[in-house]
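Numbering (the working numbering), first residue to last: 19 to 344.
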């Protein structure tokens, strides 16, 4: 049988497809358009759209597993004309529910939905989340976070005794081909856009580790409906230093004071006002997140899913090498 990966042309989806192929499991990818680069041997592709349901029925034929990686992250600015994050809610919430119901009706036995650690909340500086918190009761409230919280709730509502649904919520994922977080960060560092570093910190996890955790879930591991996929915890300064080292550049020597970062973040608000676009995450959210050092504890996923804890430095080095920096 086959596992369908919705949104599998992105860097996380490709890593999952590679891991499934390494385990001799057939993988099929569905995305809204034909991928620009090959997906690899024995990975088939079909065109479809979770926001309309077009192509779903055909993509699910002969599939017994499903991985949903098709979420939207319209940050920090929402698309023009979208004032409430409707595009994110359509893809992340309604698209997830629509896809899982179709999968259940098609006879799929198991689904893994890739969400976000933000669905667990954002605790205070120096505090820790252990993965047993209820959905979305702590911290940030903005269109993106709310869409991820509601995505998990919508996904879990579709579960049945013969249709297992698990939400896998990774922290910041590092890998080659990321054009949303890590790729832009590397390009910004290459332009020497970080003379100082934010004072906070976060957990970073290689895309390959996420893929192993997902494959283990599909293989029957785990007893919970939700798992937090967290990797190595480090300061943003340490992350920027590692990238700078790979680029053979001098790293930032100082950490920016919280008040200055808060003031700088308001530039995003001004950008939104100037372009008539709404913020998917407010300036206060951004500065607060970068000022906090938050810890996500991976122990549940490590113990129950055998989630790897590979060194992030190696994933960073591989990702930087893969980029064409100009």
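For every residue, glycine included, the Cβ atom is placed at its ideal position computed from N, Cα and C.
This structure is a prediction, so every number in the text was calculated from the model and none was measured.
Check, Outcome
"Could you work out which residue in 108, 166 and 326 is closest to residue 37 when comparing CA atoms only?", "326"
"Considering only residues of the same chain and omitting the five flanking positions on each side of residue 110, which have a CB-CB separation below 7 angstroms?", "89, 90, 165, 166 and 169"
"For the beta strand (DSSP E) that residue 86 lies in, which residues bound it at each end?", "81 to 86"
"How long is the line joining the alpha carbons of residue 311 and residue 333, rounded to whole angstroms?", "21 angstroms"
"Starting from the C-beta of residue 315, find all residues in its chain whose C-beta is less than 8 angstroms away, skip the five residues before and the five after it, and write them out in chain order.", "146, 147, 148, 149, 246 and 248"
"Going by DSSP in three states, residue 327 sits in which element: helix, strand or coil?", "coil"
"Look at the alpha carbon of residue 250 and the alpha carbon of residue 257, and state the distance between them as a whole number of angstroms.", "11 angstroms"
"Along the chain, where does the alpha helix (DSSP H) that runs through residue 123 open and close?", "113 to 123"
"Use the C-beta contact count for residue 344: other C-beta atoms within 10 angstroms, 16 or more gives buried, fewer gives exposed.", "Low confidence applies here, because residue 344 scores a pLDDT of 46, under 50, leaving its location unreliable; read the following figure in that light. Exposed, by the Cβ-count rule."
"Can you list, in chain order, the residues of its chain whose CB lies under 6 angstroms from that of residue 124, leaving out five sequence neighbours each side?", "78"
"Count the other CB atoms within 10 Å of the CB of residue 317; is the residue buried (16 or more) or exposed (fewer)?", "exposed"
"Determine the contact status of residue 242 and residue 321, defining contact as a CB-CB distance below 9 angstroms.", "no"
"What do you get for residue 266, buried or exposed, if any count of 16 or more other CB atoms within 10 angstroms of its CB means buried?", "exposed"
"Looking at the secondary structure, which residues open and close the beta strand (DSSP E) in which residue 153 lies?", "Per DSSP, residue 153 belongs to no beta strand (DSSP E) and is neither H nor E."
"Rounding to the nearest angstrom, what Cα-Cα distance links residue 122 and residue 144 in this structure?", "41 angstroms"
"Use the C-beta contact count for residue 72: other C-beta atoms within 10 angstroms, 16 or more gives buried, fewer gives exposed.", "exposed"
"Name the DSSP bridge partner or partners of residue 250?", "222"
"Just how far apart, CA to CA, sit residue 117 and residue 60?", "23 angstroms"
"With DSSP as the reference, identify every bridge partner of residue 22, one or two as the case may be.", "46 and 84"
"Using three-state DSSP, classify residue 181 as helix, strand or coil.", "strand"
"Determine the DSSP secondary structure at residue 32, reduced to helix, strand or coil.", "helix"
"Indicate the three-state DSSP secondary structure (helix, strand or coil) for residue 188 in the structure shown.", "strand"
"Do residue 87 and residue 132 count as a contact pair if the criterion is CB distance below 9 angstroms?", "yes"
"Do residue 126 and residue 82 count as a contact pair if the criterion is CB distance below 9 angstroms?", "yes"
"Can you give the Cα-Cα distance for residue 108 and residue 69, rounded to whole angstroms?", "6 angstroms"
"With DSSP as the reference, label residue 62 as helix, strand or coil.", "strand"
"My output table needs one value for residue 344: the three-state DSSP class, helix, strand or coil.", "Confidence in residue 344 is poor, its pLDDT being 46 and thus under 50, which makes the residue's placement unreliable; the coordinate value appears in the next sentence. In this structure, residue 344 counts as coil in the three-state DSSP scheme."
"Out of 119, 134, 30 and 209, which one is the CA nearest neighbour of residue 177?", "119"
"Can you tell which of 323, 253, 213 and 268 has its C-alpha closest to the C-alpha of residue 219?", "253"
"Locate the beta strand (DSSP E) running through residue 167, then write down its first and last residues.", "Unbroken run through residue 167 is the alpha helix (DSSP H), 161 to 175; no beta strand (DSSP E)."
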